[in-house]
Ligand code: HXC
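Residue numbers (the working numbering): 71 to 330.
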């Protein structure tokens, strides 16, 4: 498969996807979305692939936002008629049931911050900077920024970021709960790939269900979530991997997973 705006490689059971428009700070054009949808669909469809990492090329940016030059002259009627930005949710987030990590290597602004928040978790370089500066352009987040940021860091910081358009550095992002780990810049990709390899080596059905369970926490009441969690746990007890996992523990050996 060849792509215009991203690079894709596999390392064992891990797919590494790199946004590759460094001259535009990896701004997210419609072509980037099209390429990402194709790459994530291929990752999802390949049974040998178990976890993905998404990062940005160059040292400066993960992605500096949706492509402003593409949006500048676009009429409002077209944004509406195309349901602009909708594909990110339906074709990328919802269609990707396997786990993936965002490795944020620099600016993650506007759509870049929103794309990072679509990942299951974010590992950030010490150089990372997060922000929702859309207000300065006369607009507002359109790819989930107001919703996912508020869920990740709470109302106070989400309002602060969206209303002032200021950037948050990696340390503040970690304190606020936006990112799971901050690492020295040079360690970012090795650390993210190591985390992805760890996940890729887990029992595959359990990995899918753990992801589904945590995501459910943002969609439902506590009671309904607890019930769904118990049912998913109970379903997992019927798998061969559960029998193998528990036997391997008792026999003090590593488990060998079937994905069944
Ligand atoms: C298109 C972009 C871009 C973007 C940067 N570039 N961000 N092109 N869309 N979002 C381009 C610049 O035009 C420039 O190209 C090149 O990348 C390098 O950027 P510079 O600005 O020269 O770099 P620097 O001075 O270091 O500043 C870095 C920066 C700044 C602080 C990140 O680029 C910046 O503020 N970018 C915009 C951030 C932003 O507002 N993001 C939100 C977008 S809106 P040339 O060819 O000129 O050299 C969004 C959702 C909108 O994401 C939803 C509403 C519908």
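Positions of the beta carbon are idealized from the N, C-alpha and C atoms, including for glycine.
What does DSSP give as the partner residues of residue i in its beta bridges?
{"i": "residue 85", "result": "80, 122"}
{"i": "residue 239", "result": "199"}
{"i": "residue 177", "result": "131, 199"}
{"i": "residue 170", "result": "122"}
{"i": "residue 252", "result": "194"}
{"i": "residue 98", "result": "136"}
If we ignore side chains and look at the alpha-carbon of each, how far apart do residue i and residue j end up?
{"i": "residue 115", "j": "residue 121", "result": "12 Å"}
{"i": "residue 150", "j": "residue 144", "result": "11 Å"}
{"i": "residue 73", "j": "residue 320", "result": "47 Å"}
{"i": "residue 104", "j": "residue 75", "result": "9 Å"}
{"i": "residue 189", "j": "residue 314", "result": "30 Å"}
{"i": "residue 178", "j": "residue 308", "result": "41 Å"}
{"i": "residue 293", "j": "residue 214", "result": "26 Å"}
{"i": "residue 235", "j": "residue 242", "result": "15 Å"}
{"i": "residue 192", "j": "residue 198", "result": "11 Å"}
{"i": "residue 110", "j": "residue 146", "result": "29 Å"}
{"i": "residue 124", "j": "residue 140", "result": "23 Å"}
{"i": "residue 153", "j": "residue 271", "result": "38 Å"}
{"i": "residue 196", "j": "residue 251", "result": "10 Å"}
{"i": "residue 32", "j": "residue 129", "result": "Because the chain in this structure spans residues 71 to 330, residue 32 falls outside the shown range and cannot be described."}
{"i": "residue 187", "j": "residue 208", "result": "22 Å"}
{"i": "residue 326", "j": "residue 142", "result": "53 Å"}
{"i": "residue 290", "j": "residue 296", "result": "10 Å"}
{"i": "residue 92", "j": "residue 220", "result": "29 Å"}
How is the beta strand (DSSP E) around residue i delimited, first residue to last?
{"i": "residue 201", "result": "199–201"}
Starting from residue i, trace the alpha helix (DSSP H) in both directions and tell me its first and last residue.
{"i": "residue 145", "result": "Residue 145 -> no alpha helix (DSSP H), and no H or E assigned at all."}
{"i": "residue 306", "result": "292–306"}
{"i": "residue 315", "result": "310–320"}
{"i": "residue 216", "result": "215–234"}
Does any C-beta atom of chain C lie closer than 9 Å to the C-beta of residue i?
{"i": "residue 201", "result": "No chain C appears in this structure, which consists of one protein chain only."}
(message) For the stretch 220–233 against the stretch 264–280, do three or more pairs of beta-carbon atoms, one drawn from each stretch, fall closer than 8 Å, so that the two count as touching?
(response) Contact between the stretch 220–233 and the stretch 264–280 is absent, because fewer than three Cβ pairs lie under 8 Å.
(message) Across the stretch 253–260 and the stretch 164–178, are there enough close Cβ pairs to call them in contact, namely three or more that are closer than 8 Å?
(response) Put simply, the stretch 253–260 touches the stretch 164–178. At least three CB pairs are less than 8 Å apart.
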